[in-house]
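Below is one structure; the comments refer to it alone.
Number of protein chains: 2
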Amino acid sequence: MEKKLQTVRANNLKQKPEPDKLGFGKYFTDHMFVMDYEVDKGWYNPRITPYQPITLDPASMIFHYGQSVFEGLKAYRTEDDEILLFRPDKNMERMNRSNDRLSIPAIDEEQVLDYLIELIDLERDWVPNSEGTSLYIRPFIIATERNLRVAPAHSYKFLIILSPVGSYYPEGIHPVGIYVEDEFTRAVRGGTGTAKTGGNYSASYNAQEKASGNGQSQVLWLDALEKKYIEEVGSMNVFFKINGEVITPALSGSILEGITRMSIIEMLKDWGHTVVERKISIDEVFAAYDKGELEEVFGTGTAAVISPVGELQWKEKTIIINNRETGDLAKKLYNNITGIQTGKLADPYGWTIKVKEKVTKQGN
Amino acid sequence: MEKKLQTVRANNLKQKPEPDKLGFGKYFTDHMFVMDYEVDKGWYNPRITPYQPITLDPASMIFHYGQSVFEGLKAYRTEDDEILLFRPDKNMERMNRSNDRLSIPAIDEEQVLDYLIELIDLERDWVPNSEGTSLYIRPFIIATERNLRVAPAHSYKFLIILSPVGSYYPEGIHPVGIYVEDEFTRAVRGGTGTAKTGGNYSASYNAQEKASGNGQSQVLWLDALEKKYIEEVGSMNVFFKINGEVITPALSGSILEGITRMSIIEMLKDWGHTVVERKISIDEVFAAYDKGELEEVFGTGTAAVISPVGELQWKEKTIIINNRETGDLAKKLYNNITGIQTGKLADPYGWTIKVKEKVTKQGN
Ligand SMILES: Cc1ncc(COP(=O)(O)O)c(C=O)c1O
Ligand SMILES: Cc1ncc(COP(=O)(O)O)c(C=O)c1O
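Same order as they appear, the protein sequences are chains G and P. Residues 0 to 363 (numbering that gives the first Met the number 0) make up the first sequence, in order. Residues 0 to 363 (numbering that gives the first Met the number 0) make up the second sequence, in order.
Here is the structure:
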């Protein structure tokens, strides 16, 4: 089976958008990566092609039974115009965990990471260089078999598309308001919460609309069983600093294992902080606030890296955290992790990978 | 906005498959229905076109966040070559409930039912006539906006595709074996279990594989919270006849409100049976078996109509129901409901709708 990467270059390159107009996931680069799967062939025909539409039969399973997984990571441009990836091997590992949950055939993690790096190399001019910008990388797999039976597909497509994205904090890092959802549920143990699969995200839109209606920008999920223990925020894991100790919900079997979360925990421990992964209830957080012990709350995820929480609304009660200002710990974590990601700071953990320039540029 | 149905006919009609080779969801008819949605236009441009692939940008939201809903119903051919639909208005209502849960804009139920009827009329030759066969109708909606933000899409496509399907029981109605799943979860209150959305189905594949590995053909789901109360089976609701009384799980907020379920309940009540919708635990079912009071178990759904259960496996224990034979009640329900669906029996409930012949045939 053909496993060697084939590349067909775009004839005309797109005009790159203005760095201050990027937003998130609106613009896409000139090329994409595609690979197919058939039961008797495995994953085959890996190729880089011009960015282009996909044509699918209306009976393709992705349109009916949601069999899909995705990942999200970023490429950063350093001051010396090197391109860095942040722990992409962890995304590949997580993708295979998601694949397993969704009965999608595993990918070869190292091989796919090589393809991904080749694509980034070809598109390196698309990695923006203004403060806070990056190239968002979206690998995803969809079930393509044309059949309405309710069962794992026999054919799939794996794609990687790239989108230059703007700074999450165009006016500097600043705290957000969060609504504690106590009716809708994102995921439950035994469900798909630990997987990055489409259905988890559209399932959250109702709650997101409710949060917005309450003037808050994101949803904090509670556990499905007792609506008591904290799970995670929209697309972020969540941390609480209470009386000097940093607490984050343990991996419960229903939350996503964030790569930023994992890195933050390692970094905090390295700095000598006490970090505890355990069950934490929303009552405990509000009680800590009442005692004046709730020092900081922040979310962690690829998009915002660190997102300080300034306000937490639970039923009729709203609490203001750290005077709606970014806490010192959140700020320090943000600076350190983005420093490592963008090569401004040394990387003592070996988290970054340099995308070596290998592809010969067209016309050069 | 254009709301009048436009029709473009296929130039070449496909050869119809052999009635005994139909299977489920493998063959599709010559035409399909399509309609688009944009925020500023609402649903627009309803059209019947030749059955053909859809072309979508790889950043279309359906590939990433699973925002989709679907329905499933059937058209039956009567002995006088009339075409009947079974309670299609209920499918339209349920689709709008699913839409609401998935933050998809509502459809005009009556209008869409008219479009659906026009499509069936045009494709009436595709409704097979052998015993047990029918034309399966699959309406579905997918988010088409090209954008990676995690939020309801601003554009959608609604399609209806049609597939002639074979008899669910080519050798006559017969009982199946069911595996009681006590680890994986299908849905939980506050989640998407009451909606017919793709993610619910791919989420179940792991459990289905486990059931098959145990030699059983389908999964019986327990409630997510206590893994104690019975929810439903794969794509069916479930009924138990215990000591003369018919019991089915109440609509808990996490199971699909089946149209067959609703019809069976009405029919049973009409026949003077006691039907109770309530919480029923798996312990209760096994205890009833031990007391010799578990008379029948059967699933209900559009695909199989009535599916008697001959064997129930829960952890290490397996019970054989009614000597692995189809129970009298299941048989009577099956005969009556399929009789009404196919026009063999009178329809005292007003459940069926006749697809009037209106479209002028090409070449006539
Ligand atoms: C549901 C959910 N939780 C948490 C995260 C954070 O994970 P990561 O740090 O790997 O981006 C994400 C985003 O990827 C997410 O989608
Ligand atoms: C999860 C689930 N439960 C139950 C049913 C039965 O519903 P209906 O009788 O409307 O076909 C279906 C099939 O549509 C289903 O997908």
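C-beta: ideal position from N, C-alpha, C; glycine also.
**Request:** Using a Cβ cut-off of 9 angstroms (strictly closer), state whether aspartate 79(G) contacts chain P.
**Result:** By 1-based counting over the first sequence, the position of residue 79(G) is 80. For aspartate 79(G), the answer is no, since every Cβ of chain P falls outside 9 angstroms of its Cβ.
**Prompt:** How would you list, in chain order, the residues of chain P whose beta-carbon sits under 8 angstroms from the beta-carbon of phenylalanine 157(G)?
**Reply:** Here the question's residue 157(G) lines up with position 158 in the first sequence. What phenylalanine 157(G) touches in chain P: nothing, since even the nearest Cβ is about 11 angstroms away.
**Message:** Suppose the cutoff is 6 angstroms on Cβ atoms and the five residues either side in sequence are ignored; what does the same chain contact list for leucine 311(P) look like?
**Reply:** One-based indexing of the second sequence puts residue 311(P) at position 312. If you ignore the 5 residues before and after leucine 311(P), its C-beta comes within less than 6 angstroms of the C-beta of Ile177, Ile318, all in its own chain and listed in chain order.
**Prompt:** Is the Cβ-Cβ distance between threonine 48(G) and leucine 121(G) less than 9 angstroms?
**Reply:** Taking the first sequence and counting its residues from 1, one reaches residue 48(G) at position 49. Taking the first sequence and counting its residues from 1, one reaches residue 121(G) at position 122. No, they are not a contact pair.
**Request:** Ignore the nearest five residues each way along the sequence and tell me which others in valine 354(G)'s own chain have a CB closer than 6 angstroms to its CB.
**Result:** On the first sequence, residue 354(G) is found 355 positions in, with the first residue counted as 1. Close CB contacts of valine 354(G) within its chain, under the 6 angstroms cut and outside five residues either way in sequence, are with Ile82, Ile116, Ile119, Asp120 (chain order).
**Request:** Figure out for me which residue from Asn322(P), Gly257(P), Glu324(P), Lys314(P) has the closest Cα to the Cα of arginine 86(P).
**Result:** The residue labelled residue 86(P) in the question sits at position 87 within the second sequence. Of Asn322(P), Gly257(P), Glu324(P), Lys314(P), the residue nearest in Cα terms is Gly257(P).
**Item:** At least 3 beta-carbon pairs within less than 8 angstroms: the segment 27-38 of chain P vs the segment 48-65 of chain P
**Value:** Three or more pairs of CB atoms, one per stretch, sit closer than 8 angstroms, so the segment 27-38 of chain P contacts the segment 48-65 of chain P.
**Request:** Please classify glycine 252(P): is it buried, with 16 or more other beta-carbons within 10 angstroms of its beta-carbon, or exposed?
**Result:** For the purposes of this step, residue 252(P) is taken as residue 253 along the second sequence, with counting starting at 1. Answer is exposed; the Cβ neighbour count stays below 16.
**Request:** Go ahead and pull the three-state DSSP assignment for valine 296(G).
**Result:** Numbered from its first residue, the first sequence carries residue 296(G) at position 297. Three-state result, valine 296(G): strand.
**Prompt:** Is serine 154(G) closer than 9 angstroms to valine 38(G) when the C-beta atoms are compared?
**Reply:** Within the first sequence, residue 38(G) is the residue found at index 39, counting from 1. Within the first sequence, residue 154(G) is the residue found at index 155, counting from 1. Yes; because the gap between Cβ atoms is below 9 angstroms, this pair is in contact.
**Simplified DSSP state of phenylalanine 388(G), which is helix, strand or coil** = As shown, chain G starts at 0 and ends at 363. That puts residue 388(G) outside it, with no answer to give.
**Message:** Out of Met266(P), Thr301(P), Val245(P), which one is the CA nearest neighbour of valine 274(P)?
**Reply:** For this step, residue 274(P) is matched to residue 275 along the second sequence. Out of Met266(P), Thr301(P), Val245(P), Val245(P) has the C-alpha closest to the C-alpha of valine 274(P).
**Asked** Would you report the Cα separation of isoleucine 229(G) and glutamate 283(G), rounded to the nearest angstrom?
**Response** Counted from its first residue, the first sequence places residue 229(G) at position 230. Counted from its first residue, the first sequence places residue 283(G) at position 284. In this structure, the straight-line span from the alpha carbon of isoleucine 229(G) to that of glutamate 283(G) is close to 10 angstroms.
**Prompt:** Whose CA, out of Trp125(P), Tyr168(P), Gly190(P), lies closest to the CA of threonine 337(P)?
**Reply:** The count along the second sequence starts at 1 and reaches residue 337(P) at position 338. Minimum Cα distance to threonine 337(P) is reached at Tyr168(P).
**Request:** With distances taken Cα to Cα, identify the nearest neighbour of tryptophan 42(G) among Leu161(G), Lys2(G), Lys357(G), His272(G).
**Result:** Residue numbering aside, residue 42(G) sits at position 43 when the first sequence is read from its first letter. Taking only the C-alpha atoms, the option nearest tryptophan 42(G) is Lys2(G).
**Prompt:** What does proline 151(G) touch in chain P if you count any residue whose Cβ is under 9 angstroms from its own?
**Reply:** For the purposes of this step, residue 151(G) is identified with residue 152 of the first sequence, where counting begins at 1. Here the neighbours are Ser201, Tyr204, Gln207, Glu208.
**Asked** Which residue's Cα is closest to the Cα of alanine 9(P): Lys268(P), Asp80(P), Arg46(P), Ala152(P)?
**Response** Along the second sequence, one-based indexing puts residue 9(P) at 10. If we check each option's Cα against that of alanine 9(P), Arg46(P) comes out closest.
**Alpha-carbon to alpha-carbon, asparagine 213(P) and aspartate 346(G)** = Stepping through the first sequence from its first residue, residue 346(G) is reached at position 347. Stepping through the second sequence from its first residue, residue 213(P) is reached at position 214. Whole-angstrom Cα-Cα distance: 49 angstroms.
**Closer than 7 angstroms at the beta carbon, the chain P residues around lysine 25(G)** = Within the first sequence, residue 25(G) is the residue found at index 26, counting from 1. Under the 7 angstroms cutoff, chain P gives Asn146.
**Message:** Is glycine 131(P) close to chain G? Criterion is C-beta to C-beta, closer than 9 angstroms.
**Reply:** The sequence position of residue 131(P) within the second sequence is 132, counting from 1. For glycine 131(P), the answer is no, since every Cβ of chain G falls outside 9 angstroms of its Cβ.
**Prompt:** For chain P, is any of its Cβ atoms less than 9 angstroms away from the one on threonine 54(G)?
**Reply:** Taking the first sequence and counting its residues from 1, the one referred to as residue 54(G) is at position 55. So yes, threonine 54(G) belongs to the interface.
**Item:** chain G residues whose Cβ lies nearer than 8 angstroms to that of threonine 184(P)
**Value:** Within the second sequence, residue 184(P) is the residue found at index 185, counting from 1. Under the 8 angstroms cutoff, chain G gives Val187, Arg188, Gly189, Gly190.
**Asked** Since arginine 100(G) is in the alpha helix (DSSP H), which residue starts that stretch and which ends it?
**Response** Position 101 of the first sequence holds residue 100(G). Looking at the DSSP string, the run of the alpha helix (DSSP H) that includes arginine 100(G) is 87-100.
**Request:** Identify the continuous alpha helix (DSSP H) that holds threonine 337(G) and give its terminal residues.
**Result:** Position 338 of the first sequence holds residue 337(G). Here the alpha helix (DSSP H) through threonine 337(G) covers 327-340.
**Asked** Can you name the residues of chain G whose CB is closer than 8 angstroms to the CB of alanine 223(P)?
**Response** Sequence index remark: in the second sequence, residue 223(P) carries index 224 (1-based). Here the neighbours are Val187, Arg188, Gly189, Gly190, Ala223, Leu224.
**Sequence-distant residues of the same chain with beta carbon closer than 8 angstroms to alanine 210(G), five excluded per side** = For the purposes of this step, residue 210(G) is identified with residue 211 of the first sequence, where counting begins at 1. Correct list, in chain order: Ile177, Tyr178, Glu180, Ser216, Gln217, Val218.
**Request:** Say whether the segment 286-305 of chain P touches the segment 323-340 of chain P, bearing in mind that this needs 3 or more beta-carbon pairs closer than 8 angstroms, one atom from each stretch.
**Result:** The segment 286-305 of chain P vs the segment 323-340 of chain P: in contact.
**Asked** According to the Cβ coordinates, are tyrosine 36(G) and phenylalanine 157(G) closer than 9 angstroms?
**Response** Locating residue 36(G) in the first sequence gives position 37, counting from the first residue. Locating residue 157(G) in the first sequence gives position 158, counting from the first residue. In this structure, phenylalanine 157(G) lies closer than 9 angstroms to tyrosine 36(G) by Cβ.
**Message:** Counting C-beta neighbours from all protein chains within 10 Å, is the total for glycine 171(P) 16 or more, i.e. buried, or is it exposed?
**Reply:** Taking the second sequence and counting its residues from 1, one reaches residue 171(P) at position 172. Using a 10 angstroms sphere on the CB of glycine 171(P), the tally of other CB atoms stays under 16, which defines it as exposed.
**Prompt:** Out of curiosity, what's the CA-to-CA distance linking arginine 100(P) and asparagine 321(G)?
**Reply:** Position 101 of the second sequence, counted from the start, is the residue given in the question as residue 100(P). Position 322 of the first sequence, counted from the start, is the residue given in the question as residue 321(G). About 36 angstroms.
**Message:** For a contact defined as C-beta to C-beta under 9 angstroms, what are the partners of methionine 266(P) on chain G?
**Reply:** Here residue 266(P) refers to the residue found at position 267 when the second sequence is read from its first residue. None at all; the shortest Cβ gap to chain G is about 26 angstroms.
**Prompt:** Would isoleucine 160(P) count as contacting chain G if we go by Cβ distances under 9 angstroms?
**Reply:** Within the second sequence, numbered from 1, the residue matching residue 160(P) stands at position 161. Using a CB distance cut-off of 9 angstroms, isoleucine 160(P) counts as an interface residue toward chain G.
**Per-residue DSSP class, three states only, for glycine 176(P)** = Translated into the one-based positions of the second sequence, residue 176(P) becomes position 177. If DSSP states are grouped into helix, strand and coil, glycine 176(P) belongs with the strands.
**Prompt:** When you compare only the Cα positions, how much space is there between proline 18(G) and glycine 233(G)?
**Reply:** Residue numbering aside, residue 18(G) sits at position 19 when the first sequence is read from its first letter. Residue numbering aside, residue 233(G) sits at position 234 when the first sequence is read from its first letter. The alpha-carbon of proline 18(G) is positioned some 26 angstroms away from that of glycine 233(G).
**Any non-hydrogen atom of ligand 2 closer than 8 angstroms to threonine 191(G) Cβ** = For the purposes of this step, residue 191(G) is taken as the residue at position 192 of the first sequence. No, ligand 2 has no heavy atom inside 8 angstroms of this Cβ.
**Prompt:** Among the residues of its own chain, which have a CB less than 6 angstroms from the CB of leucine 12(P), if the five just before and after it don't count?
**Reply:** Position 13 of the second sequence, counted from the start, is the residue given in the question as residue 12(P). Excluding residues within five positions, the ones whose Cβ falls inside 6 angstroms are Asp29.
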